[in-house]
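Undergrad:
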Amino acid sequence: MNHPSTDSDDEDDGASIIELQLEATPERLDKALSQALPEVSRARIQALLSGGSISRDDQRLNAGARSTEAGLYRIVLPAPVAAEPEPEPLPLTILFEDADLVVVDKPAGMATHPAPGSETGTLVNALLHHCGASLSGIGGVARPGIVHRLDKGTSGVMVAAKSDRAHQGLSAHFATHDIQRTYIALTRGTLTPERGRIESRLGRSTHDRKKMAVLKTGGREAVTDYVVERTFGHPAKVGGAPLAARIACTLHTGRTHQIRVHMASKGAPLLGDPVYGSGPPAQSVRDAISASGLDRQALHAAVLGFVHPVSGEALRFETEPPADMRDLQDRLEAL
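Residue numbers for the sequence shown follow this note's numbering, so the first one is 563 and each next one is one higher.
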């Protein structure tokens with residue numbers, strides 16, 4: 563196999579042209595091409611075949627082309643089409659960026675991507691503006707590749723792909739849980755023992771389809787390791803639980819609302835959580851929440867570590883909780 567050559571052709575509206583020589587192999591053509599072109603996903607190759615954008619020895623191929631025959635292959639990669647969300651000049655805290663990915667410290671109150679009720683002002687809108695022409699296209703669309711998300715009310719470190727090859731690599735990391743993710747949570751009460759693992763099945767609540775819940779059957783496996791870093795407030799009675807705690811939670815799976823549900827299921831829901839709060843904290847804790855200005859669940863994605871999907875470099879990012887959580891913790895320490 564010759565190394566692929568890349569060119570651009572103005573007559574193809576800015577499309578990129580890739581040419582490469584393949585030998586005959588028993589592998590499927592889409593697999594052979596995706597292995598030869600790691601920056602183009604196999605799904606993208608299949609779509610290009612369906613669209614008539616791949617030829618062999620000047621003969622256009624179609625989706626029915628399965629075998630890999632010897633010849634000179636020419637692949638036309640159309641210029642990425644504009645994403646539906648509009649770019650917006652929103653402030654972003656960039657922790658790292660290169661040609662393939664961008665790591666940000668997402669503020670609380672910013673949704674990850676557009677959805678009903680949050681059509682604008684999202685991280686995707688902000689990244690479309692910030693990255694601009696440096697987005698090489700995910701699946702042929704000029705958009706950032708979101709491989710994980712944080713709830714709108716959760717702050718902290720997130721990574722997004724800027725290229726198809728980074729999107730594939732990051733997706734594989736998350737699929738195999740080969741990612742370090744540690745969150746800081748401020749909770750009502752605390753957990754015992756002070757260090758442990760919570761394992762359960764998580765899925766949609768049978769009582770409220772808008773909520774997630776621990777299930778006896780069905781759902782998906784969810785695993786959270788936790789460490790109680792400190793506790794706050796004197797118990798109301800001898801042998802009782804402290805009023806609040808700061809708990810570090812490390813995810814081994816990434817289910818929707820996993821930490822929020824797991825903490826609540828063990829009797830230590832996140833402070834400020836409007837969905838899984840399950841009862842008010844002590845009056846002094848409520849006063850501290852009000853004075854701090856916290857109007858969300860007290861959860862911050864503090865650590866994100868992974869191997870760069872393209873360069874192979876080990877990366878690790880850590881940020882402190884934002885002002886509202888820091889202020890609340892200061893007030894809790896004074897109880």
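From the three backbone atoms N, C-alpha and C, an ideal C-beta is built for every residue, glycine too.
Quick one: what does DSSP say G751 is sitting in, helix, strand or coil?
TA: Stepping through the sequence shown from its first residue, residue 751 is reached at position 189. Correct three-state label for G751: coil.
Undergrad: Three Cβ pairs or more, each shorter than 8 Å: is that satisfied between the region 616-633 and the region 752-767?
TA: Too few Cβ pairs lie closer than 8 Å, so no.
Undergrad: Using the C-alpha atoms, what's the distance from I607 back to M672?
TA: Position 110 of the sequence shown holds residue 672. Position 45 of the sequence shown holds residue 607. The alpha-carbon atoms of M672 and I607 are separated by roughly 34 Å.
Undergrad: With the cut-off set at 8 Å, would you say T786 and C811 are in Cβ contact?
TA: Sequence index remark: in the sequence shown, residue 786 carries index 224 (1-based). Sequence index remark: in the sequence shown, residue 811 carries index 249 (1-based). Contact flag set, yes.
Undergrad: Please say whether A864 and T744 have beta carbons closer to each other than 8 Å?
TA: To locate residue 744, count along the sequence shown from 1; it is residue 182. To locate residue 864, count along the sequence shown from 1; it is residue 302. Yes. Within cutoff.
Undergrad: If distances are taken between C-alpha atoms only, which option among N624, P843, A722 and A627 comes closest to D662?
TA: Within the sequence shown, numbered from 1, the residue matching residue 662 stands at position 100. The option with the nearest alpha carbon to D662 is A722.
Undergrad: Please name the residue in V686, S629, I637 and E646 whose C-alpha comes closest to that of L654.
TA: In the sequence shown, counting from the first residue as 1, residue 654 sits at position 92. Out of V686, S629, I637 and E646, V686 has the C-alpha closest to the C-alpha of L654.
Undergrad: Going by DSSP, name the residue or residues bridged to Y635.
TA: Here residue 635 refers to the residue found at position 73 when the sequence shown is read from its first residue. Looking at the DSSP assignment, Y635 forms a beta bridge with L582 and R618.
Undergrad: What is the residue span of the beta strand (DSSP E) that S762 lies within?
TA: Along the sequence shown, one-based indexing puts residue 762 at 200. S762 -> beta strand (DSSP E) spans R757 to R766.
Undergrad: To the nearest angstrom, report how far apart G694 and T674 are at their CA atoms.
TA: Here residue 694 is taken as the residue at index 132 of the sequence shown, counted from 1. Here residue 674 is taken as the residue at index 112 of the sequence shown, counted from 1. So the two alpha carbons sit approximately 18 Å from each other.
Undergrad: Do the region 734-750 and the region 868-887 meet, that is, are 3 or more Cβ pairs less than 8 Å apart?
TA: As far as the Cβ criterion goes, the region 734-750 touches the region 868-887, which means the pair count is three or higher.
Undergrad: Measuring CB atoms only, is the region 775-789 touching the region 816-829, in the sense that at least three cross pairs come out at less than 8 Å?
TA: With the cut-off at 8 Å, the region 775-789 and the region 816-829 touch.
Undergrad: Comparing alpha-carbon positions, which option in I708, G679, G855 and D849 lies nearest L690?
TA: Translated into positions along the sequence shown, residue 690 becomes position 128. Of the listed residues, the one whose Cα sits closest to L690 is I708.
Undergrad: Would you call the region 711-719 in contact with the region 871-886, where contact means no fewer than 3 C-beta pairs closer than 8 Å?
TA: Flag = yes, the region 711-719 and the region 871-886 touch.
Undergrad: Measure how close the beta-carbons of R727 and P600 come, nearest whole angstrom, since I'm counting them as under 8 Å.
TA: Here residue 727 is taken as the residue at index 165 of the sequence shown, counted from 1. Here residue 600 is taken as the residue at index 38 of the sequence shown, counted from 1. 6 Å between Cβ atoms; contact.
Undergrad: L582 to L639, Cα distance in whole Å?
TA: The residue given as residue 582 occupies position 20 in the sequence shown. The residue given as residue 639 occupies position 77 in the sequence shown. Those two C-alpha atoms are separated by around 14 Å.
Undergrad: Please report the straight-line C-alpha distance between Q820 and D592, rounded to a whole angstrom.
TA: Start at 1 with the first residue of the sequence shown, and residue 820 comes out as number 258. Start at 1 with the first residue of the sequence shown, and residue 592 comes out as number 30. One C-alpha to the other measures close to 37 Å.
Undergrad: Given this structure, state the Cα-to-Cα distance separating S629 from R618, to the nearest angstrom.
TA: Here residue 629 corresponds to residue number 67 of the sequence shown, with the count starting at 1. Here residue 618 corresponds to residue number 56 of the sequence shown, with the count starting at 1. Their Cα atoms are separated by approximately 12 Å.
Undergrad: Going by the DSSP bridge assignment, what does D667 pair with across the sheet?
TA: Position 105 of the sequence shown, counted from the first residue, corresponds to residue 667. For D667, which the question treats as bridged, DSSP gives the partners V719.
Undergrad: With 16 other CB atoms within 10 Å as the buried threshold, where does T684 fall?
TA: Translated into the one-based positions of the sequence shown, residue 684 becomes position 122. It counts as buried.
Undergrad: Under a Cβ-count criterion, where at least 16 other Cβ atoms within 10 Å of its own Cβ denotes burial, should D569 be classed as buried or exposed?
TA: For the purposes of this step, residue 569 is identified with residue 7 of the sequence shown, where counting begins at 1. The predicted position of D569 is uncertain, since its pLDDT is 47 and thus under 50; a value taken from the coordinates is nonetheless stated next. Exposed is the call here.
Undergrad: So, is T768 buried or exposed, given that buried needs 16 or more other C-beta atoms within 10 angstroms?
TA: On the sequence shown, position 206 is the one that residue 768 refers to. T768 comes out exposed.
Undergrad: Nearest to S873 by alpha carbon, out of S725, A677 and T818?
TA: The count along the sequence shown starts at 1 and reaches residue 873 at position 311. Among S725, A677 and T818, the Cα nearest to that of S873 is on S725.
Undergrad: Which partner residues of V776 appear in the DSSP bridge assignment?
TA: For the purposes of this step, residue 776 is taken as the residue at position 214 of the sequence shown. DSSP output for V776 lists L764 as bridge partner(s).
Undergrad: Kindly indicate which three-state DSSP category E791 falls into: helix, strand or coil?
TA: Residue numbering aside, residue 791 sits at position 229 when the sequence shown is read from its first letter. If DSSP states are grouped into helix, strand and coil, E791 belongs with the strands.
Undergrad: Return yes when the Cβ of L753 is within less than 8 Å of the Cβ of R817, no when it is not.
TA: Here the question's residue 817 lines up with position 255 in the sequence shown. Here the question's residue 753 lines up with position 191 in the sequence shown. For R817 and L753, no; Cβs fall outside 8 Å.
Undergrad: State the Cα-Cα distance for the pair T524 and A807, rounded to the nearest angstrom.
TA: Here the chain has residues from 563 to 897 only, and residue 524 is not among them.
Undergrad: From the DSSP output, which residues share a beta bridge with I851?
TA: Taking the first residue of the sequence shown as position 1, residue 851 is located at position 289. Bridge partners of I851: none, in fact.
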